[in-house]
Amino acid sequence: MWLFDLSLRHKLPIWGGLLIFLTSTTMFISFGIQAYDDLKNDMIKSLSAQGRSLVISLYPYLLHDNVWQAFEIVSASKRLTYQKKNMFESQVILVMDNRKEIFVASDPANYPIQTSLNKLDRPFAKMSTAIMAAQREEPIIMERQGTDVLIVGFPIIADDVVLGGVLMITDKGLFIPRLMELAQHSLLIMGFILAVLLPINWYWGRRMAVPLVSLSDHMQHIGDKMPPQIDHAVYDYRDEIGQIFKAFNVMIDQLEEKAYLETQILQSERMAAIGRLTASMAHEINNPLAGMLTAVDTLRKHDTELSPLTERTISLLDRGLRQIKDTVGTLLVEAKFKSRDLLEQDIEDVITLISPQLQKHHTKLHSDVVLPEGVPLPSTLIRQALINLLLNAVTAAGEQGAVELKIRTEQNHLHVSIKNDGKELPSEKMAYLYEPFNPLSDSGSGLGLWVTYQITKQLGGNIEARSTKNITTFSINIPYSNQL
Amino acid sequence: MMGKLSLFLIMCCSCLVMMPAAGDDQFSQTKPIRIGLTPALLNYQHSLNVIWQEHLQQQLQRPVEFVQRDTYSETMELLRQKKLDFAWICSYAFIKLGDAITLVAVPLYQGNTNYRSFLIVPSVDTTTRSIADIKGRIFAYADPLSNSGYLVPRYDLKMSGYDPDTFFKRTFFTWAHRKVIEAVANQVANGGAVDSYIWESLNVIEPELTGKTRIVSQSKEFSFAPFVANSTLSDIDLSTMQQILLKMPDTETGRLILDRLNLDGFILGTPQMYDSVAEMARAVGK
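Here's what the structure looks like:
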């Protein structure tokens with residue numbers, strides 16, 4: 022059913038509204054039934070009272086066969102209730118004698134004198150029998166089925182003998198206007214209740230639905246992309262929904278962390294594979310390359326009679342082979358050679374080395390370096406890594422950019438963070454950031470980050486890049502041991 | 017005019033009240049004159065009673081008391097017991113009382129002393145052409161001592177060869193002419209006999225009531241209800257009253273009273289004027 026598939030945003034107010042409407046309608050109906058019963062009882066009471074007084078007044082005239090006086094009493098009684106605007110008035114009053122015939126009626130045109138009640142409708146016949154069988158002057162009530170006709174009968178008894186009776190016939194429809202009046206009143210009240218409750222329900226329903234809908238919207242995207250956390254302002258309470266929100270945000274945190282770790286693992290695995298490939302290729306290239314370089318050298322030393330063309334060719338070969346050696350050398354980062362410990366002076370040197378670039382791009386560098394005396398890490402490699410990262414940062418920051426360098430040591434770890442205020446790195450770039458000959462590199466050889474990565478990894482550390490809209494940060498974290 | 021007529025008609029209704037003598041001090045020493053009123057005449061009309069009483073006291077120089085009773089028979093009984101000096105009674109009662117009373121005067125209505133009995137049916141009944149059509153139905157009489165409201169229809173039935181006691185399925189008395197009209201208008205009865213003077217007067221002031229009735233037939237004329245004196249009354253008292261009644265149109269108060277009674281005046285009558293009523297009474301054997 023479509024009603025069950027609606028969004029909570031609509032479902033809660035609609036269902037709540039329906040419930041409120043149903044409740045007030047039920048109340049209205051039960052009130053109506055109650056009012057109807059009350060009015061009917063009042064009508065019977067009123068008619069019984071009228072009947073009781075009629076019986077007392079009619080008794081002597083029935084006894085003395087005085088039709089005209091009986092008629093005057095009956096019509097006076099009717100006139101009296103009419104003048105009082107009694108809505109419970111009897112429409113017709115019949116006086117019955119002990120032969121079950123009409124002695125007199127308030128409406129003689131329709132109920133002529135001496136008409137047998139047995140010849141009238143069934144309720145009249147039944148009533149006349151009931152009256153003749155009565156023991157006491159108590160009202161007898163009968164309803165004509167399927168109609169609004171109500172008959173209240175009263176026996177006239179003298180000395181245990183039933184002389185006759187009074188039949189008051191009325192229409193329950195007479196109190197319908199009063200019932201309508203009451204109904205109108207309760208409709209007004211119902212309208213008022215609805216006018217108050219429906220907006221409250223609407224507000225409350227929305228209030229409940231909005232956070233759930235927002236949660237649902239957020240959760241729908243889990244899988245294809247990481248949804249953002251839910252703003253606390255949407256629902257800042259500590260009930261179950263509030264707890265779900267909290268749990269959702271914790272879950273998003275964890276998922277983000279997991280996703281981040283996964284990319285990190287993937288990246289380092291890929292980098293390791295590339296590293297292995299590069300190393301083996303470098304070895305494979307280096308061996309014949311060394312032979313070729315030796316051969317070129319030998320040729321130059323031992324054959325002095327070379328034609329100028331050969332001389333130029335050999336020189337060309339030599340330059341080409343050395344370029345290959347350099348490139349292969351750069352790819353094959355070797356961290357194993359000994360170097361002196363890192364000093365604060367090294368950092369200053371690095372800054373001095375890059376200062377021409379800083380000036381060229383009008384970049385502001387803010388350095389915040391705290392280093393103890395002699396950190397046992399190879400200074401040459403650290404310097405190279407720092408130069409690479411700082412030059413990248415200056416380039417990324419662009420004209421008039423700002424670069425921040427922060428170095429600390431903590432628990433035998435060297436922490437370096439380099440920030441720039443350049444453009445955000447796109448995520449596709451982030452994935453291949455450290456790969457050699459990075460096709461995504463805007464400038465340079467695309468080996469700077471590769472080398473830095475290799476240095477960091479070979480020193481047992483790690484490198485991390487985070488990029489937001491305004492700040493891109495590269496952090497290096499390298500452990501060291503004082504025993505070294 | 018309407019108000020006066022209505023007052024008059026009310027007085028024609030059955031009555032319960034006995035009007036005590038609102039005796040002035042100047043007459044308190046003398047024995048009062050007692051005048052009986054029947055449902056055919058003054059009843060309920062307290063303000064008129066007061067004026068008329070005052071008028072009579074001034075003329076007679078004696079206290080006057082009006083005595084009102086519900087039925088003709090009660091008034092007749094008071095006459096027989098000599099508890100009344102004068103009475104205004106129905107013509108049938110006049111016959112019934114015989115020597116116990118003496119005729120004083122006869123009212124003049126519309127220039128003569130006659131009235132009739134009307135046979136009326138509800139106006140919804142459009143088929144009835146004569147009393148014979150109401151056979152086996154319900155009939156309303158005014159009073160068993162009324163001429164127009166009892167004797168006349170019974171006489172007519174008898175003359176037509178019916179037994180008046182079994183002709184109708186049921187009969188009842190309303191004890192006043194006006195109420196016969198009400199009974200027929202409300203269809204309590206299928207027919208009724210009523211005094212023409214009362215029906216016509218009511219037709220002027222309450223046409224919606226008479227409009228619910230239809231006159232089927234009119235009887236021949238009879239002399240109007242007479243003003244009578246107890247036969248034991250002294251001739252002086254009788255003739256004094258006779259003179260007062262006859263001269264009523266000559267005084268302003270007298271004219272006012274007559275106006276409210278819807279009458280022109282009183283004339284001297286003779287007992288022979290009521291012979292036709294006596295004949296009918298004999299014919300129906302009562």
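Those protein sequence lines, which keep their order, are chains R and S. So for the first sequence, my numbering puts the first residue at 22; every next one is plus one. So for the second sequence, my numbering puts the first residue at 17; every next one is plus one. Ideal placement from N, C-alpha and C gives every residue a C-beta, glycine not left out. Source: prediction; values computed, not measured.
Query: Below 8 Å, how does it come out for the segment 196–211 of chain R and the segment 51–62 of chain R: are there three or more Cβ pairs, yes or no?; Result: yes
Query: What are the boundary residues of the alpha helix (DSSP H) that includes S:Glu81?; Result: Per DSSP, S:Glu81 belongs to no alpha helix (DSSP H); it is in the beta strand (DSSP E), 80–84.
Query: Note down the Cα distance separating S:Pro180 from R:Phe92, rounded to an integer number of angstroms.; Result: 24 Å
Query: Given a cut-off of 8 Å on the beta-carbon distance, is the pair R:Leu233 and R:Leu29 in contact?; Result: yes
Query: When you compare the CB positions of S:Val244 and S:Ser107, do they come within less than 8 Å of one another, or not?; Result: no
Query: Have a look at S:Arg78 and S:Pro138 and give me their C-alpha separation to the nearest angstrom.; Result: 48 Å
Query: Can the beta-carbon of R:Glu122 be found less than 8 Å from the beta-carbon of R:Leu138?; Result: yes
Query: Please report how far the alpha carbon of R:Met189 lies from the alpha carbon of R:Ala151, in whole angstroms.; Result: 14 Å
Query: So, with DSSP's three-state summary, where would you put S:Ala38?; Result: Model confidence at S:Ala38 stands at a pLDDT of 43, short of 50, so the residue's coordinates are unreliable and nothing is read from them.
Query: So is S:Trp68 buried or exposed if we call it buried at 16+ other beta carbons inside 10 Å?; Result: buried
Query: When the Cα of R:Ala179 is compared with those of R:Gln156, R:Leu209, R:Glu305, which residue comes out closest?; Result: R:Gln156
Query: Bridge partners of R:Ala179, per DSSP?; Result: R:Val182
Query: Name the chain S residues whose beta carbon is nearer than 7 Å to that of R:Ile65?; Result: Residues of chain S passing the Cβ test: none, with the nearest at roughly 28 Å.
Query: Mapping DSSP to helix, strand and coil, what is S:Glu198?; Result: helix
Query: Between which residues of its own chain and R:Thr351 is the CB-CB distance below 6 Å, once the five residues before and five after are set aside?; Result: Leu468
Query: Check for me: the beta strand (DSSP E) holding R:Thr494 runs from which residue to which?; Result: 493–500
Query: Cβ closer than 8 Å: which chain S residues qualify as neighbours of R:Phe92?; Result: Ala199, Asn202, Val204
Query: Return helix, strand or coil for S:Met175, following the three-state DSSP convention.; Result: helix
Query: Just verifying my parser: in three-state terms, what is the DSSP assignment at R:Arg343?; Result: helix
Query: Using the beta-carbon count (16 or more within 10 Å), is R:Leu27 buried or exposed?; Result: exposed
Query: Please state the DSSP three-state secondary structure of S:Gln74.; Result: helix
Query: Please report the Cβ distance between R:Asn119 and R:Met153, rounded to the nearest whole angstrom; I am assuming they are in contact, meaning their Cβ atoms lie under 8 Å.; Result: 7 Å
Query: Indicate the three-state DSSP secondary structure (helix, strand or coil) for S:Phe238 in the structure shown.; Result: strand
Query: Closest Cβ-Cβ distance between R:Pro129 and chain S: below 8 Å?; Result: yes
Query: Output needed for R:Phe145: all residues of its chain with C-beta closer than 6 Å, excluding positions within five of it in sequence on either side, in chain order.; Result: Leu138
Query: Judging by CA-CA distance, which residue of R:Asn433, R:Ala418, R:Thr489 is the nearest neighbour of R:Leu480?; Result: R:Asn433
Query: Taking only beta-carbon atoms, is S:Arg230 less than 8 Å away from chain R?; Result: no
Query: Could you check the C-alpha separation between R:Leu83 and R:Leu184 for me, to the nearest Å?; Result: 7 Å
Query: So R:Ile114 contacts chain S; which residues on that side make the cut at Cβ distance below 7 Å?; Result: None at all; the shortest Cβ gap to chain S is about 13 Å.
Query: Could you tell me the distance, in whole angstroms, from the CA atom of R:Ser328 to the CA atom of R:Asp339?; Result: 16 Å
Query: To which residues does DSSP link R:Thr117 through a beta bridge?; Result: Here the sequence assigns Met to residue 117 of chain R, which means Thr is not the residue at that position. In the DSSP output, where bridge partners are listed per residue, R:Met117 has R:Ile123, R:Gly186.
Query: Compile a chain-ordered list of the residues in the segment 159–192 of chain S whose CB is closer than 7 Å to at least one CB of chain R.; Result: Lys185, Arg186, Phe188, Phe189, Thr190
Query: Report the three-state DSSP secondary structure of R:Val523 (helix, strand or coil).; Result: Residue 523 of chain R is absent from the model: chain R starts at 22 and stops at 505.
Query: Return the Cβ separation of R:Ser69 and R:Ile94 in integer angstroms, given the expectation that the two are a contact with Cβ distance under 8 Å.; Result: In fact, because the Cβ distance is near 17 Å, the residues do not count as touching under 8 Å.
Query: Based on Cα-Cα distance, which residue from R:Val371, R:Leu446, R:Glu445, R:Tyr474 lies nearest to R:Ile428?; Result: R:Val371
Query: Could you have a look at R:Arg333 and say whether DSSP puts it in helix, strand or coil?; Result: helix
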